[in-house]
Amino acid sequence: MSTRVGSGRPRRPGQSQRGRPTRPHSGRPDTSARPSLSAPAAKKREPVVVELPQTMTVKELAEALNLGSGQVIKELISRGLMMTINQTVDFATASDIASAFNVQVRAKALDASEGVIAAEIEEEENLRPRPPVVTILGHVDHGKTSLLDAIRQTNVTAQEAGGITQHIGAYQVEINDQKITFLDTPGHEAFTAMRARGAQVTDVAVLVVAADDGVQPQTLEAISHAKAAGVPLVVAINKVDKPDANVERVKQQLAEAGVVVHDWGGDVEAVEVSARRKTGIQDLLETILLVAELKGLKANPNRPAVGTVIEAQLDKTRGPTATVLIENGTLNVGDYVAVGSVYGRVRAMFNDRGKRLKKAEPAMPVEILGLSEVPHAGDRLHAAPTEQAARLFAQRHAQQMAAETQTVARPMSLEEMFKTDGHAKNLNIILKADVQGSLEPIQVSLERLSTDEVTIKVIHQATGNVTESDVLLAQASEGIIVGFNVRVEPGAKRAAEQAGVDVRLYNIIYDAVEDVRKALVGMLEPKFVEVQEGRAEVRQTFGRNGEVAGCMVLEGKIVRNAIARAMRDGKVIAEGRIESLRRFKEDAREVAAGYECGIVLSGNVRLQVGDVINTFRKEKVAGDVPL
Ligand code: GDP
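Given below as structure tokens:
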């Protein structure tokens, strides 16, 4: 259990636990504290230990370490993390950064008045093995859902056989006295969506490939998504009961996709199963345990719980419910919890068989009741010792979320990526093209641009338009999307705009390669095109010299300061900006079609009745064709 430290009074970042400000300095701090001039000389050199909360903004971290924000941002970038001063880092990242400056840190213990939760760094001696968490990926109709059902039916945890299955988003099975947790929402979209939200809960991914259908586009997508997340794969070759099943062909196709199974000389485990006949399931589960064992998965059951929300909803009779996967610690009925921006006290807990539980240990999925509102999937749960602490933690989370939406918490565009004083170390690219034959040459040309400092990696490539799944992968991997002779699907366009993912479309391979090359040397400038925004006709003129044109807006809208071209008899007579825009003598920011307005063009242009003013705005184009 954690111990509480401090009086409960909030400490400012940069103040050590004893209330003494940490030493100001301009460069790298060293590990020894200098005695202050007024204090008696210290006998022993004391290392500077800075206390940090579980999460903090980059700015707060810089202040706590007595560094400039720029120095911290540079270190973050050198770790491939593009961040601005108002974005949030977790304790692990912060301590990593601190060590680069030779500053020792420790996590602040829970301080109720700040809503900070106890340290997540665990002593090795407190750790115990924990069950693996598994997600099932694969092409549509290859049997993901059937396999999840088959596993569930054949391997119910011994003492709960006969319980009624509840779909809570995840379930646990038992094999040879060991447990495995399966996430119930198959598919790489859900998997990567969680990851894009900063929650990676999966330890092992099962890739389902139907033996009669072989490797298909979504199989390849799933492979890329698992690889990008660094999650090991176990292949389940399904539907082996079918007469046209061809296991060897599947293995060959997998090898071509870079997933080489054991009997082909690789290190990926493959198991033949039939979800329909329920054969091979035992073998699959044993293989999952084998692969998981190599990862040495551990957690400390004797500490306050930390977990992630798998799904959540409002139940008419029971109020807000959330399925939480406990990642560390033990959650007990009666515990106060902060879940994202929501808090509460665990009133009751149920497992996937609807059985009431008193406690939930690491890797267990549980449905909890007692929250004040419905949290979001991907939100983190933290148990807290008091209601006040839970509430403050939730409030802090809400504030951080609000700050992040304001400060563009997004991966950077290609233009910006290499322009900061530090350097990005990796550039992840998702490559889409109209035909298979274009993919490889583009991939090779792009990856060949890698330098000693920057690795360019095409983490996924496929034919077809840019989809939402591509955008999710780019978001989760902080990469960009390069499309060649393809379009962006409408849903994907919206998603990319929201997530700030840079999508660049090209018709010419050279342009794509050249843009990335320029970006690497910090020479890529954003390109802009003019897009027509409005059209107005001059109906009369005013002013001492007739400099004000009384106009009717015919199309679109006229916006103050927009680029403007005045036309007379089909020829451009003047170019400039809308310097002044008025409606009924009042300054207006914009005037829409169908309304009258007074316009003054920059550069003392004299307009005549019948002249037409076309206005334009500049739009950024990424690539050589607009989205
Ligand atoms: P999902 O889209 O990947 O979740 O695939 P489903 O689990 O919905 O399965 C798609 C279809 O394949 C369904 O009609 C299943 O009954 C069938 N199916 C799944 N597994 C097997 C299997 O092992 N053998 C046979 N013959 N059919 C299967």
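Numbering (the working numbering), first residue to last: 312 to 938.
Quick reminder that beta carbons are idealized off the backbone N, C-alpha and C, glycines included.
Chain-order list of residues whose beta-carbon lies under 6 Å from that of residue i (same chain, five-residue window excluded)
{"i": "Arg658", "result": "Leu680, Gly681"}
{"i": "Gln328", "result": "For Gln328, the pLDDT reaches just 34, beneath the cut-off of 50, and the residue's location in the model is therefore unreliable, leaving the point undetermined."}
{"i": "Gly909", "result": "Val859, Gly861, Arg893"}
{"i": "Gly934", "result": "Arg815, Leu816, Tyr817"}
{"i": "Asp646", "result": "Val657, Ala694"}
{"i": "Val793", "result": "Ile740, Leu742, Arg815, Ala823"}
Rounded C-alpha distance that separates residue i from residue j
{"i": "Asp626", "j": "Ala633", "result": "10 Å"}
{"i": "Ala409", "j": "Gln711", "result": "22 Å"}
{"i": "Glu825", "j": "Ala403", "result": "37 Å"}
{"i": "Phe795", "j": "Ser406", "result": "41 Å"}
{"i": "Ala688", "j": "Ala705", "result": "15 Å"}
{"i": "Val777", "j": "Arg667", "result": "45 Å"}
{"i": "Gly618", "j": "Asp524", "result": "38 Å"}
{"i": "Val797", "j": "Gln754", "result": "16 Å"}
{"i": "Ile791", "j": "Gly881", "result": "42 Å"}
{"i": "Gln564", "j": "Glu583", "result": "15 Å"}
{"i": "Glu930", "j": "Phe839", "result": "5 Å"}
{"i": "Asp781", "j": "Ile741", "result": "7 Å"}
{"i": "Arg508", "j": "Val932", "result": "27 Å"}
{"i": "Gly905", "j": "Glu848", "result": "11 Å"}
{"i": "Thr368", "j": "Lys669", "result": "36 Å"}
{"i": "Val414", "j": "Met394", "result": "21 Å"}
{"i": "Ile396", "j": "Val515", "result": "34 Å"}
{"i": "Gly914", "j": "Glu727", "result": "35 Å"}
{"i": "Val842", "j": "Pro937", "result": "11 Å"}
{"i": "Val650", "j": "Leu703", "result": "11 Å"}
{"i": "Ile889", "j": "Arg917", "result": "13 Å"}
Of the listed residues the options, nearest to residue i (C-alpha basis)
{"i": "Ile621", "options": "Glu434, Leu601, Asp663, Val360", "result": "Asp663"}
{"i": "Glu434", "options": "Lys609, Gly655, Lys553", "result": "Lys609"}
{"i": "Arg928", "options": "Gly867, Tyr906, Gly934", "result": "Gly867"}
{"i": "Gly665", "options": "Ile741, Val416, Val677, Gly655", "result": "Val677"}
{"i": "Val685", "options": "Pro752, Ile388, Gln464, Ala623", "result": "Ala623"}
{"i": "His693", "options": "Ser652, Glu726, Ala581", "result": "Ser652"}
{"i": "Leu725", "options": "Val546, Glu890, Gly833", "result": "Gly833"}
{"i": "His453", "options": "Ile924, Arg587, Arg417", "result": "Arg587"}
{"i": "Gly546", "options": "Asp552, Val416, Gly577, Lys553", "result": "At residue 546 the sequence reads Val, which differs from the Gly that was named. If we check each option's Cα against that of Val546, Gly577 comes out closest."}
{"i": "Ile874", "options": "Asn856, Gln809, Asn925", "result": "Asn925"}
{"i": "Gln919", "options": "Arg888, Asp898, Met878, Ile889", "result": "Met878"}
{"i": "Glu559", "options": "Leu531, Ser535, Val526", "result": "Val526"}
{"i": "Arg390", "options": "Gln477, Lys736, Ile462", "result": "Lys736"}
Contacts around residue i, its chain only, beta-carbon distance under 7 Å, and the 5 residues preceding and following it disregarded
{"i": "Leu378", "result": "Phe412"}
{"i": "Glu672", "result": "Pro612, Ile637, Thr641"}
{"i": "Lys550", "result": "Gly454, Ala521, Ala522, Asp523, Ala556, Ser585"}
{"i": "Ala803", "result": "Val777, Thr778, Glu779, Asp781, Val782"}
Local Cβ density within 10 Å of residue i, reported as buried at 16 or more and exposed below that
{"i": "Met660", "result": "buried"}
{"i": "Phe729", "result": "buried"}
{"i": "Gln382", "result": "buried"}
{"i": "Ile819", "result": "exposed"}
{"i": "Thr976", "result": "Examination of residue 976 is not possible in this model, given that the chain is present from 312 through 938 alone."}
{"i": "Pro837", "result": "exposed"}
{"i": "Thr342", "result": "Reliability fails at Thr342, whose pLDDT of 33 lies under 50, so the model's placement of it is uncertain and the value that follows must be treated cautiously. The residue is exposed, with fewer than 16 neighbouring Cβ atoms inside 10 Å."}
{"i": "Gly449", "result": "buried"}
{"i": "Lys455", "result": "buried"}
{"i": "Gly338", "result": "A caution first: Gly338 carries a pLDDT of 36, below 50, which makes its placement in the model too unreliable to give a value."}
{"i": "Lys606", "result": "exposed"}
{"i": "His573", "result": "exposed"}
{"i": "Glu567", "result": "exposed"}
{"i": "Glu764", "result": "exposed"}
{"i": "Arg846", "result": "buried"}
{"i": "Asn487", "result": "exposed"}
{"i": "Lys896", "result": "exposed"}
{"i": "Asp922", "result": "buried"}
{"i": "Arg691", "result": "buried"}
{"i": "Val746", "result": "exposed"}
{"i": "Glu886", "result": "exposed"}
Nonlocal neighbours in the same chain, by C-beta distance under 8 Å from residue i, ignoring five residues either side
{"i": "Gln489", "result": "Pro442, Leu600"}
{"i": "Ser683", "result": "Pro631, Val653, Tyr654, Gly655"}
{"i": "Ala864", "result": "The sequence shown places Val at residue 864, not Ala. Same-chain partners within the cutoff: Gly845, Arg846, Ala847, Val902, Ala903, Ala904, Gly905, Tyr906, Glu907, Cys908."}
{"i": "Arg463", "result": "Thr476, Tyr482, Val484, Phe493"}
Could you name each continuous beta strand (DSSP E) segment of 3 residues or more that falls completely within the segment 377 to 404, going from the start of the chain to the end?
399 to 401
Residue ranges of each alpha helix (DSSP H) within the segment 808 to 836, 4 or longer
Secondary structure within the segment 808 to 836: the alpha helix (DSSP H) runs of 4 or more consecutive residues, fully enclosed, are 820 to 831 (chain order).
Length-filtered (4 minimum) alpha helix (DSSP H) runs lying within the segment 559 to 624
592 to 606
Which residue spans inside the segment 513 to 542 form an unbroken beta strand (DSSP E) run of at least 3?
Here the runs fully enclosed are 515 to 521.
Whole alpha helix (DSSP H) elements within the segment 658 to 730, 4-residue minimum
698 to 717, 725 to 728
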